[in-house]
Amino acid sequence: MSQNRNSISKQVLAWAAVFALVLTIIPYSVADQSSNEYFESWSYELGDTDGDNQNDIIFFTFDPDTNVTDYVNIYVEMRVTDGDGNWVGDDDENYEIYWTENDTFEMEWFVNDCDDYDSDCEGPFDFEFRLYEDINGYYYYEDNFSESNISLYETTIVPEGVIQVENGVLADDNDGFNNDISFLAHMEDYDVSNVSIELERKVGTQWVDVGTQETDDGETSFKNMTAGEYRWFAEYDDEDIDEGHTFVFYSSTSDENLGHFGSVEDWDEDDEFDDFAFARWSNGSNESINDGVYVELFYEDNNTLYDESGGNGDGFVVLFYDVEEGNYTFNLYNDTSSGDLMQTGWLHSYGSLNTNHDEWFEDWDYETNDENDNGIDDVITIEYNPDTTCNCTVEIYVEMEIYNDNGSLVHWDEYEHEINGTAEVWFETDEWSPEEEGNYTFEFYLYSEGWEAEDSFNFSAYLECGGGSYYCDSDEWFDAWDYETYDEDGNGEADTIEIGYNPDTDCNCEMNVSVYMSIFKEDGYLAGYHYYNHEINGTEEDWFETEDWSPKEDGNYTFNFQLYGENTNGGDFFNFTTYLECLDNCGNSNDEWFQDVWQNTHDDDEDGWDDTFEVEFNPDTTCNCSINVTSVLSVFDNNTKIDEITDSGAIYSDEYDYFFMDWTPDYNGTFDFILNLYDEDNYFEDSRQFVDIELHVRSEAGEEAWFEDEYYEVDHDRFEVNYFPATSCDCWVKVWIYIDVYYDGDKVDTISEEMYIHGDEEKWSYQEWYANNEGYYDFHVVMFDDEGNGPDEIQDHYWIEEIYLGSESNETHNAWFDDVSYSLEDRDSDNREDSVSVNYAIATDSSDEMDLLLILDIFDESGEMIGTFEEFFTLPANEMMDISFHWSNTYEEGNITFDSVLEHLVDGDTDGEIRVQDEDYEIFYLATANEEPEFFIEDVTGRDIVFEGQYVDYDIFFNKYEPVDDLYWNMGDGKIFYNDKSVSHMYEDNGMYVMHINYSYENTIYSYEFEVFVRNIAPTILNLMLDENVNEGDEVSFNVQYEDVPMDMDNVTVTWIFPDAVLQGNFVQYTFADDGEFLISVEVKDDDGGSTVEQRMITVQNVAPIFTEFVFPSEGEQGVAMDFSVSATDPGDDTITYTFDFGDGTAKLITQTGNASHKFASGDTFEIIVCAIDEDGGETCRTEVLPVALLEQLEESGLPGFGFLGVISALGAITILRRRTH
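237 is the number of the first residue of the sequence shown in our numbering; add one for each residue after it.
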């Protein structure tokens, strides 16, 4: 197929003229003086779109920048000229840039878009870019750059696609007569040559051949045709590809001289060839060009109307933008649909990402339901039926906005659908419930795929609030509770407790509640706590029990229980105190606590959202020994535990021990974290809480994984692979480990496992396999990543070859480590282990003796071998042998690896066949074994327990008494002492300090370092200023005075915990919404983690309601209903009930609205008592006197202002009205 780009047609020239006009009115100006915009950098790349090994397109990338700290609007223009300086193309775009951002943009130019109307489009080309600042539509020149002498070549290969043949009648030979029938063959913007056009003219009823021509560069033209009807057929590569009809309206003896055409192009410049254009024009003297053209466009497959437009003076050009991909036929008329048919034909749209159809809501409806069965609807679902004019599938968007009575937006949602004009389809929203009861307005908006507004509807509905809302009028409380103590150790004293409780709600629905149990010792310190989550129903009785709990020491313990409803709103509480004995581990008087805790969130995947929670902490103990402690990080979402991480390790009273945990979520949300510390007997010791931590899901894309280490074990027919997979991601990554088993070169089996690994954790795993046949096996261990659909790409792999495995049922030559033990020693007596004895017990079940080689290789932390042992020996049949190696670490202290291998020398030496029999692998932390000088410092006392802000005496103890010179202390905090073996010093802040001591002895200078761990002192609460008896609804003030060491006083935070609020500051104010007894807490905490907590019980008194409105009639009439209206407010959050005692012997009227109506049966003066009563028994009453007249008194005095005749008339009118209703 040969082709070329389009020669520019007359319609294209018209559009080019309009574009040139627009350019002339852009308000350019000189550069402004307030900012400077410039091209920071630029580059370009060349491309070959048609694959003919010649570049035909250029891509420019540029980074505009500014020197002002603000967003700036700019306009960038690209101008293209050929080698002769002729303008051949351009492009332009508006952008917004910011001074600190890397704003990179791209423009491209395709050589087939070159304007070569006057000459061939030949390179090389020059490109100039101009940068303007756009200020309110005025353009200020700022900068430019150029690239010259760039060679681009017109495309020579047409890509696969539908060939479009367009035709028109015009004055192609420039003689002014529209009698030339021209054709253009193209595929999008590629012109197609060698398309054969056969033209016929209708004479009478016969079709007469006019001739056949082939396109050259896509074009051909039949000149000077006579007026009449023509038809044509297009053929390419011996296949019929197109056909059409056209009419020539021309006469040399009349004014009728009409031209017309139909074509498909990218008229809206959106890089999509999906716009149809139709035109007709005249050179006659008696006809205006605006009389119009009319076009009908049909779907080719079913001949149904797609669209119609034009006519009646609407213009001489009709455009159909963004026509969907497919084939279409058209009829082109002069002026209107009843005018002369000028042309018929076929056009192809190459596809549009846009739509130009109408969409609307054909119908809609909604349904409300009463989910909690209280008689009032609280859930709504809306359904709607969108439709379109397009007999095709289109995408639409529907937005739902919900507003309350105040006009505030309370909910928003968006839905995406596919609809088709040939099918009816209904869509339904999710169920929705409000947080407050009331009238709600629902507004729905329909948008097309391009987010153009199409249609809308709205309605209002009354809904009660749904379950789980902060504002729903449902209460939760402890309906009952009890506890039971037990004597587990049988000594006659209770040592174990179990508590039971029945939480209830006034909602006749399923509801999630949380119960928080905290246990305090007599000194006010927390002894333990637990969260319990339950589901309750107001129609059922639920009873729950805690786990058994026992203390670590004898004493009185206070148990506090707090009930929380959904969304953590406080519901109720109870507490009690009881005496319990210690059950076990009673002799352990040591305490453990979090000395320091740091928490942080960060954005690991760098997407702008924090995705990882990290906590680092230093647990400590009062025991001057090594203690194993366990730290548990629990994760909660809305009071529901969703995850838990556990870490164990040893701590020392005189060392700084750091632990680290991190967590990343599986979904976006706000989470709470609780960090608990347990001693080695699993007793609770300390806790920290972190609330309202917002985290987002972290992407694992692009993270690498590999095998950091591996080893294997062989036992008879069993083969075990151990491996340590690692990742560079500071997150949890899912990997798959596949092991392919080969025997004699053939794969015989595959085993696999999936696991999660983390960049900060060393996690070993293993898989085992058993051989059915004796022989040598190869194992291929492969690691895959997981992108959500199982194993994906290989991350790492390795081979384990020539492994001899024997069947369990067959006797084989085999030896193994029956036992390997390690003994750690302190050779230099500095209380730090620096040496190891490795003891092997080697056994065999072979009936023959075995020549064996035992190898122990020793490696430091960097993997460098720093020691090795070898022992050749012969192990008698069915015997066992003990072998020991001893090694002292004279290298740098650290983690030392001991790797043992037992080999069978089948041929009696290492030159023959060697079979690995067994392996062992251990790591120990060893100090360096030092040779101490004859005279040395044994210890510096006073370092055991040191607190910030306190003076401590430090004394040097030498191994023997000798005079020393130049004794020098550097305490590690800048303080220096000279020539004194005892000093008194105060560290102003907590932390780890290194004390340096130098002295001279016998002309030799000795230097020592001793660590001093300075503990933080928690702030001290001096005074709590608050009222312990208050009224509900009153704003109550709380104040605290405290002290801390001077270094921490500026970094102390005070947190007050109330039933439903957490406030910060020395002075806070809080309003109790209801009466009762409430336990409040205040925590004073410094920035080093030291905190002091005190609690107070606040008694809140109920306050009776206060009348605010009292509307009574001044007098009444016997037997006539009278209206009474009162209202009151309650300082607390109480529901008010009103009672009316009318004083006439009738029963009290009870109402919650304050409105009442009453008829008195007799005339008298009545004393009416109205009371407003809150739900806690608070009552306010008011008495009013009301005279009620007798009926005969009314008859004697007459009806005021009406008279007898008026009464008769009124009754008559009522009678008439009643008759008319029958």
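Glycine included, every Cβ here is placed at the ideal spot set by N, Cα and C.
- Secondary structure of residue 398 (DSSP, three-state): coil.
- Contact fails between the segment 735-742 and the segment 894-901, because fewer than three Cβ pairs, one in each stretch, are under 8 Å apart.
- Counting only runs of 3+ residues, the beta strand (DSSP E) found wholly inside the segment 1199-1237 occupies 1201-1206, 1212-1214, 1218-1222, 1227-1237, in chain order.
- Cα atoms of residue 442 and residue 468: separation of roughly 14 Å, rounded to the nearest angstrom.
- Apart from sequence neighbours up to five positions away, the residues of its chain that approach residue 949 with a beta-carbon distance below 8 Å are 955, 956, 958, 1154, 1155, ordered along the chain.
- Around the beta carbon of residue 1364, 16 or more other beta carbons lie within 10 angstroms, which makes this residue buried.
- Partner residues in the beta bridge of residue 1337, as assigned by DSSP, are 1267.
- Here residue 390 really is in contact with residue 292; their C-beta atoms are around 7 Å apart, less than 8 Å.
- Contact check for residue 811 and residue 837: beta-carbon distance about 35 Å, past the 8 Å limit, so the pair fails to qualify.
- Under the three-pair Cβ rule at 8 Å, the segment 902-911 does not count as touching the segment 975-986.
- Listed in chain order, the non-local C-beta contacts of residue 281 below 7 Å within the same chain comprise 295, local neighbours out to five positions each way being set aside.
- Rounded to the nearest angstrom, the gap between the Cα atoms of residue 883 and residue 299 is 49 Å.
- Around the C-beta of residue 517, 16 or more other C-beta atoms lie within 10 Å, and the residue is accordingly described as buried.
- Around the C-beta of residue 1189, fewer than 16 other C-beta atoms lie within 10 Å, and the residue is accordingly described as exposed.
- Judged by beta-carbon spacing, residue 1336 lies within the 9 Å limit of residue 1312, meaning their Cβ atoms are closer than that value.
- Contact between the segment 1105-1124 and the segment 1080-1091 is present: three or more C-beta pairs spanning the two stretches fall below 8 Å.
- Burial of residue 499 is indicated by the presence of at least 16 other C-beta atoms within 10 angstroms of its C-beta.
- Residue 584 and residue 497 have their alpha carbons spaced roughly 15 Å apart.
- Counting along the chain, no beta strand (DSSP E) covers residue 952, and no H or E run does either.
- Non-local beta-carbon contacts of residue 925 in its own chain, meaning distances under 6 Å to residues more than five positions away in sequence, involve 910 in chain order.
- Beyond the five residues adjoining it in sequence on each side, residue 1230 comes within less than 7 Å, by CB distance, of 1208, 1245, 1247 in the same chain, given in chain order.
- Residue nearest to residue 1178 within the set 964, 1221, 1212 is 1221 (criterion: CA-CA distance).
- Judged by DSSP secondary structure, residue 853 falls within the beta strand (DSSP E) whose first and last residues are 848-857.
- Residue 765 sits away from residue 751, with the two beta carbons spaced by 9 Å or more.
- Non-local beta-carbon contacts of residue 343 in its own chain, meaning distances under 6 Å to residues more than five positions away in sequence, involve 296, 314, 327 in chain order.
- Going by C-alpha positions, residue 1409 is about 15 Å away from residue 1419.
- Going by DSSP, residue 1003 is part of the beta strand (DSSP E) stretching over 1001-1006.
- Shortest Cα-Cα distance from residue 1031 to any of 464, 1018, 755, 609 involves 1018.
- With contacts defined as CB atoms closer than 9 Å, residue 607 and residue 601 fail to qualify as a contacting pair.
- 482 is the residue among 623, 482, 657, 361 whose C-alpha sits nearest the C-alpha of residue 436.
- Per DSSP, the unbroken beta strand (DSSP E) holding residue 831 starts and ends at 828-838.
- In the DSSP assignment, the residues bridged to residue 438 are 443.
- Our two residues, residue 970 and residue 1148, have alpha carbons roughly 43 Å apart in a direct line.
- Taking a C-beta distance under 9 Å as the contact criterion, residue 1184 and residue 1250 qualify as a contact pair.
- Following the DSSP letters along the chain, one finds residue 287 in no beta strand (DSSP E), marked with neither H nor E.
- Each residue's CA atom was taken as its position, placing residue 274 and residue 340 some 13 Å apart.
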